[in-house]
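Chains as they are written, first to last, in our numbering: chain S, 674 to 1013; chain Y, 674 to 1013.
Comments concern the structure below.
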DNA sequence: CTGAAAGCGCTTACAG
DNA sequence: CTGAAAGCGCTTACAG
């Protein structure tokens, strides 16, 4: 049934292979009569052209890869990734691309992936989720293959690579400024891992906001953690001795943990300590706690990533693209300040 | 750099294209000397063969598709899917396949997907996540293309299709039997949507267990819900009037909701009402609540799905495959009965 | 507007 | 064990 080739369609429509090909590819220079006849036969037979043959001759597969390197250990628990994939697949649908997904569960698997990723005639380009220093080597290896590549999440060394990220620095500044506007003075921060740019950039934003308001902070105001709830709890435990009146947690999960500790310590949010988180993914607890937070446009981020990658693919000469996306401060009640 | 072809390698190694091809494909009938020379040149040049050309001639792409039809609306919130994907990608890595992911966010997108899915020379086979009656049409359409297809989740009409599922009936029986063994007599159930086989099969298991112990139940013992926390809460509210001493919720999220209502009603779990859930995915609340539940082997399920699909692909004549996987009862404290 | 022919980069009988 | 040649199913100059 589907073992038809272009040639068979041509015969049945009484035209040449070339004409059928032109019709399929929506090219001009086909008479309306011929076009109709071909279209009819195609509908009748359910013909669809062989993808491999098209790829071979056109040098385009219309397939892009999403690579989650082994540094992404939270793929299975973090709702971030499904939302990212949602945006990516939406864009793929819209632009008629297919998504190939590569999840490197371990360093060994990651090694095995490389040849597949870089073999010609398979992917038109690749989105590499990154931001962690451990990804430096795979970024380098992929760069060498000349495969168009967009890194999602600013890489640690971003000299020659194209990347897309949210503006983490501006976002964190916004979060901390909000605490300052609420009248808080002793503001501390729970950061993500400082081996990643997400961790580093959100800390930079905190510093910027504090500095520009001439507020004091020191080493005891900054605790590095790991984006988990328990990590937030533990970090808050360390921070409490400096008697803060506000805490900025670089993720909602850590904010939730921090709040849990604050309550365990017999203190009140927001009265004693105001809290701002980061992410605003649909974690049930976030809503319950009425957490003020920074909303990441995750779905739009995925969508934009695909659009940017397509630009890279369609530009013949390599170009350097950097995209930073804006975030939004979502004011709830954890700073004692409701949205008006 | 990577614009090399087989022919270039052949020239540099002083052999023919055929020999290089044999070396790359690990075929016999190559002298050790020739093999070494070719391998050396390949390593030196970083050559990797063009995937499209290989696919065209071998009629195998080593790519499989995972299709999440639009009936899967919980992709972005349910941790089930990342775990499923974990298992699938692990198997893909092991068997040297690539995963193409198709998420049909809407019915319209799903329509657009079909030609891509069924176009020759692209996918060797497809795993279709299903179990919902709305998927009947896409199952049918894909069946017609002769593309090897495995449905993950028993489809409503399973006559001619290959599928893999967990043994939902046996699992639910096991869950309800446990409640019976704990001495409970008035056992009620919160089911999933009865438009899906997951919903139906887990209800069947409940009935089997109740019947074989000659326990009574009626229409008021069975409330259909939607797998969400709030749905579980609402369902429990309706069930409470029949004064149950135990409830089997067909998902952990619903069990969590049910427990919330039970507590709001001033009752105690497990003293007044014992609770068993279903899934045992790493939802933080499950642990906190010490919920007794059925553990689905989600990762292994994904892995096995790929292995089964590969069998289908490699069998020349179509075969009907049905795989049912076992589950495990995880005894915690929500039935007042700790594991020994 | 149309078709014959070359070619994309491989694999695989086939003959030696 | 080895290589020349055909062919996988398309697209795309090219000539008309």
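Glycine included, every Cβ here is placed at the ideal spot set by N, Cα and C.
What residue does the beta strand (DSSP E) around residue i start on, and which one ends it?
i	result
residue 948 of chain Y	947-952
residue 771 of chain Y	771-776
residue 825 of chain S	822-825
Determine whether the Cβ of residue i lies closer than 8 Å to any Cβ atom of chain S.
i	result
residue 760 of chain Y	no
residue 891 of chain Y	no
residue 763 of chain Y	yes
residue 1018 of chain Y	Nothing about residue 1018 of chain Y can be read from this structure; chain Y reaches only from 674 to 1013.
residue 776 of chain Y	yes
residue 729 of chain Y	yes
residue 711 of chain Y	no
residue 1000 of chain Y	no
residue 801 of chain Y	no
residue 813 of chain Y	no
residue 934 of chain Y	no
residue 785 of chain Y	yes
residue 772 of chain Y	yes
residue 833 of chain Y	no
residue 848 of chain Y	no
residue 789 of chain Y	yes
residue 766 of chain Y	yes
residue 991 of chain Y	no
Using three-state DSSP, classify residue i as helix, strand or coil.
i	result
residue 831 of chain Y	coil
residue 738 of chain S	strand
residue 796 of chain Y	coil
residue 897 of chain S	strand
residue 870 of chain Y	helix
residue 729 of chain Y	helix
residue 674 of chain S	Confidence at residue 674 of chain S is low in this model, with a pLDDT of 41, below 50, so the placement of that residue is unreliable and no value is reported for it.
residue 920 of chain S	strand
residue 743 of chain S	coil
residue 864 of chain S	strand
residue 684 of chain S	helix
residue 944 of chain Y	coil
residue 679 of chain S	helix
From the DSSP output, read off the bridge partner residues of residue i.
i	result
residue 998 of chain S	S:839
residue 968 of chain S	S:952 and S:1001
residue 973 of chain S	In the DSSP output, where bridge partners are listed per residue, residue 973 of chain S has none listed.
residue 802 of chain Y	Y:825
Of all Cβ atoms in chain Y, is any one closer than 8 Å to the Cβ of residue i?
i	result
residue 754 of chain S	yes
residue 798 of chain S	no
residue 693 of chain S	no
residue 792 of chain S	yes
residue 653 of chain S	Outside the displayed span of chain S (674 to 1013) sits residue 653 of chain S, for which this structure offers no information.
residue 718 of chain S	no
residue 782 of chain S	yes
residue 864 of chain S	no
residue 723 of chain S	yes
residue 907 of chain S	no
residue 682 of chain S	no
residue 674 of chain S	Residue confidence is low: residue 674 of chain S scores 41 on pLDDT, short of 50, so the model does not pin down where it sits. No coordinate-derived value is stated.
At what residues does the alpha helix (DSSP H) containing residue i begin and finish?
i	result
residue 912 of chain S	902-912
residue 934 of chain Y	925-937
residue 818 of chain S	Residue 818 of chain S -> no alpha helix (DSSP H), and no H or E assigned at all.
residue 762 of chain S	753-768
residue 960 of chain S	957-962
residue 788 of chain S	780-791
residue 707 of chain S	705-718
residue 915 of chain S	From DSSP, residue 915 of chain S is part of no alpha helix (DSSP H); its letter is neither H nor E.
residue 692 of chain S	690-697
Validate contact between the stretch 859-874 of chain Y and the stretch 910-929 of chain Y using beta carbons, cut 8 Å, 3 pairs: yes
The stretch 773-793 of chain Y touching the stretch 754-762 of chain S, judged by at least three CB pairs closer than 8 Å: yes
Meets three-Cβ-pair contact criterion under 8 Å: the stretch 776-794 of chain Y and the stretch 782-801 of chain S: no
Cβ pair count under 8 Å reaching 3, the stretch 869-878 of chain S against the stretch 824-841 of chain S: yes
Cβ pair count under 8 Å reaching 3, the stretch 720-732 of chain S against the stretch 744-754 of chain S: no
The stretch 843-852 of chain Y in contact with the stretch 874-882 of chain Y per 3-pair CB rule at 8 Å: yes
Touching by the beta-carbon criterion (3+ pairs, under 8 Å), the stretch 675-690 of chain Y and the stretch 701-714 of chain Y: yes
Three-pair Cβ contact test at 8 Å for the stretch 945-954 of chain Y versus the stretch 923-933 of chain Y: yes
Given 8 Å, three or more beta-carbon pairs between the stretch 908-917 of chain Y and the stretch 931-939 of chain Y: yes
At least 3 beta-carbon pairs within less than 8 Å: the stretch 735-745 of chain S vs the stretch 737-744 of chain Y: no
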